[in-house]
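Asker: Pasting a structure here, questions to come.
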Amino acid sequence: MLTELRQKAQITIPKEIIVKLGLSEGDTLDIFEKDGTICIMPVVVYPKKYLNELRDEIDEVKSKIASGEQPVFDSVDALFEKLEAE
22 MLTELRQKAQ ITIPKEIIVK LGLSEGDTLD IFEKDGTICI MPVVVYPKKY
72 LNELRDEIDE VKSKIASGEQ PVFDSVDALF EKLEAE
């Protein structure tokens, strides 16, 4: 698909691509150059507070796994078997 570079370095992303990727107005896109190619990649931006809370939660679970307090399952089926037995 061809598109034209317009005033203020603007382009239009073809509607087929927008629909295929499920993009909508206000989505954040990362634009970068790689080996002479312009790449546009959709990204999700999370607030730092959310990421810090998530990191803390992950650290807590890792600690529980290391201490044996948090059970670890080899498969989803094993997890459901354990839950059904309770």
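Taking my numbering, the leading residue of the sequence shown gets 22, the next gets one more, and so forth. Ideal Cβ positions, reconstructed from N, Cα and C, are used throughout, including at glycine. Only a predicted model underlies this, so the values are computations on that prediction, with no experimental measurement involved.
Can you name the start and end residues of the beta strand (DSSP E) that LYS29 belongs to?
Answerer: Per DSSP, LYS29 belongs to no beta strand (DSSP E) and is neither H nor E.
Asker: Given ALA30, which residues of its chain have a CB within under 8 Å of its CB, disregarding the five upstream and five downstream residues?
Answerer: Result list for ALA30: empty, nothing under 8 Å.
Asker: What residues in its chain sit with their C-beta under 6 Å from that of ILE52, if we drop five residues either side in the sequence?
Answerer: Excluding positions up to five away in sequence, the list reads ILE61.
Asker: Give the DSSP bridge partners of ILE52, in chain order.
Answerer: In the DSSP output, where bridge partners are listed per residue, ILE52 has ILE61.
Asker: Pull up the CB-CB distance for ILE86 and VAL93, whole angstroms please, since I reckon it's below 8 Å.
Answerer: 6 Å
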